[in-house]
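Novice: In this note's numbering, the protein residues as written are 1 to 181.
Glycine residues also receive a C-beta, built at the ideal position from the N, C-alpha and C atoms.
Have a look at this one.
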Amino acid sequence: MQARSPFRYLTGYPERLTAPVRAMIADGTLGARLLAKYPQRHEVRTDRALYDYVGELKARYLRSADPLSKVAYDSRLHVIQHALGTHTAISRVQGQKLKAKREIRVASVFREGPPEFLRMITVHELAHLKERDHDKAFYQLCTYMEPGYHQLEFDLRAYLVLLEATGERPWASEDSSGETL
1 MQARSPFRYL TGYPERLTAP VRAMIADGTL GARLLAKYPQ RHEVRTDRAL
51 YDYVGELKAR YLRSADPLSK VAYDSRLHVI QHALGTHTAI SRVQGQKLKA
101 KREIRVASVF REGPPEFLRM ITVHELAHLK ERDHDKAFYQ LCTYMEPGYH
151 QLEFDLRAYL VLLEATGERP WASEDSSGET L
């Protein structure tokens, strides 16, 4: 079985955009560049805080969308399988009524990171409440909720390349001794 390249996260982007990422991986500066661009870590650490965070965005941009039953970090989501987050709709028949549950799960690797990346993933999953496919209408909704969506998506993909290629996690928690938790 052939090893997969970490640069697969940038598939579809033109060489003029991917070449600098490749160069920064080669010279070891990508992590520092991302940290300089996004210096803050978000504070949304628990599932409850994530539920509240997503609920606020939904209330602001998608009031008429179906309610969410659950929002949580999920350690079973593997970025390697291209799942940054998931949106599921489960329908069940209860008596003579059809009940629908909608859930959003975010890969737990994003429990640490800049608020911009969490917002990008959240906006992406919320857009699926209205638009199922990754089409023009979907991305228009994403940019309505987050005007910098496309740049954030590219930067997040660059972070995934960094994570897979080097294991470097610029926003990882550290205790007082400097050890990564």
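Beta carbon of E103: closer than 6 Å to some heavy atom of the ligand HEM?
Specialist: The ligand HEM is absent from the structure shown, which contains no ligands of any kind.
Novice: Between L126 and K58, how many whole angstroms is the CB-CB distance? I'm expecting something under 8 Å.
Specialist: Residue mapping note: residue 126 aligns to position 126 of the sequence shown, counting from 1. Residue mapping note: residue 58 aligns to position 58 of the sequence shown, counting from 1. Confirmed, Cβ separation roughly 6 Å.
Novice: Looking only at C-alpha atoms, which of Y144, T46 and H150 sits nearest to E112?
Specialist: Taking the sequence shown and counting its residues from 1, one reaches residue 112 at position 112. When only C-alpha atoms are compared, the closest one is T46.
Novice: Hey, quick one: how far does the beta strand (DSSP E) through K70 stretch, first residue to last?
Specialist: Here residue 70 refers to the residue found at position 70 of the sequence shown. Start and end: K70 to D74.
Novice: E15 to A172, Cα distance in whole Å?
Specialist: Here residue 15 is taken as the residue at index 15 of the sequence shown, counted from 1. Here residue 172 is taken as the residue at index 172 of the sequence shown, counted from 1. So the alpha carbons of these two residues sit roughly 30 Å apart.
Novice: Roughly how far, in whole angstroms, is the beta-carbon of M120 from the beta-carbon of L160, given that I think they are within contact range, below 8 Å?
Specialist: In the sequence shown, residue 120 corresponds to position 120, counting from 1. In the sequence shown, residue 160 corresponds to position 160, counting from 1. Contact doesn't hold; Cβ gap of about 12 Å is too wide.
Novice: Does the distance from the CB of A137 to the CB of I25 come in under 7 Å?
Specialist: Sequence index remark: in the sequence shown, residue 137 carries index 137 (1-based). Sequence index remark: in the sequence shown, residue 25 carries index 25 (1-based). For A137 and I25, no; Cβs fall outside 7 Å.
Novice: Roughly how many angstroms lie between the CA atoms of L30 and Q40, to the nearest whole one?
Specialist: Here the question's residue 30 lines up with position 30 in the sequence shown. Here the question's residue 40 lines up with position 40 in the sequence shown. Using only the alpha carbons, I get a separation of about 16 Å.
Novice: Could you tell me if R132 is buried or exposed, where buried requires 16 or more neighbouring beta carbons within 10 angstroms of its beta carbon?
Specialist: Here residue 132 corresponds to residue number 132 of the sequence shown, with the count starting at 1. Exposed: under 16 other Cβ atoms inside 10 Å.
Novice: Assuming V106 and D74 are in contact, meaning their beta carbons sit under 8 Å apart, how far apart are those beta carbons, in whole angstroms?
Specialist: Locating residue 106 in the sequence shown gives position 106, where the first residue counts as 1. Locating residue 74 in the sequence shown gives position 74, where the first residue counts as 1. Contact flag correct, Cβ pair sits at about 7 Å.
Novice: Which one or two residues does DSSP pair with R45 in a beta bridge?
Specialist: Residue mapping note: residue 45 aligns to position 45 of the sequence shown, counting from 1. Paired residue(s): none; R45 is not in a bridge.
Novice: Around the Cβ of H128, are there at least 16 other Cβ atoms within 10 angstroms (buried) or fewer (exposed)?
Specialist: If you number the sequence shown from 1, residue 128 lands on position 128. By the neighbour-count rule (16 or more Cβ atoms within 10 Å), H128 is buried.
Novice: In angstroms with no decimal places, state the Cα-to-Cα distance between K70 and R102.
Specialist: The residue you call residue 70 lines up with position 70 of the sequence shown. The residue you call residue 102 lines up with position 102 of the sequence shown. Distance between the alpha carbons of K70 and R102: 7 Å.
Novice: Between the Cα of M145 and the Cα atoms of F154, I104 and K130, which residue gives the shortest distance?
Specialist: Residue 145 sits at position 145 when you count from the first residue of the sequence shown. Minimum Cα distance to M145 is reached at K130.
Novice: Use the C-beta contact count for L17: other C-beta atoms within 10 angstroms, 16 or more gives buried, fewer gives exposed.
Specialist: The count along the sequence shown starts at 1 and reaches residue 17 at position 17. L17 comes out exposed.
Novice: Judging by CA-CA distance, which residue of E168, Y139, T122 and P170 is the nearest neighbour of R60?
Specialist: In the sequence shown, residue 60 corresponds to position 60, counting from 1. It is T122.
Novice: Compute the Euclidean distance between the alpha carbons of A72 and L118, then round it to the nearest angstrom.
Specialist: On the sequence shown, residue 72 is found 72 positions in, with the first residue counted as 1. On the sequence shown, residue 118 is found 118 positions in, with the first residue counted as 1. Roughly 12 Å separates the two Cα atoms.
Novice: Hey, Y38 and V44: beta-carbon distance below 7 Å or not?
Specialist: Position 38 of the sequence shown holds residue 38. Position 44 of the sequence shown holds residue 44. No.
Novice: Can you give, in chain order, each stretch of the alpha helix (DSSP H) that sits fully within the segment 124–149 and has at least 4 residues?
Specialist: 136–145
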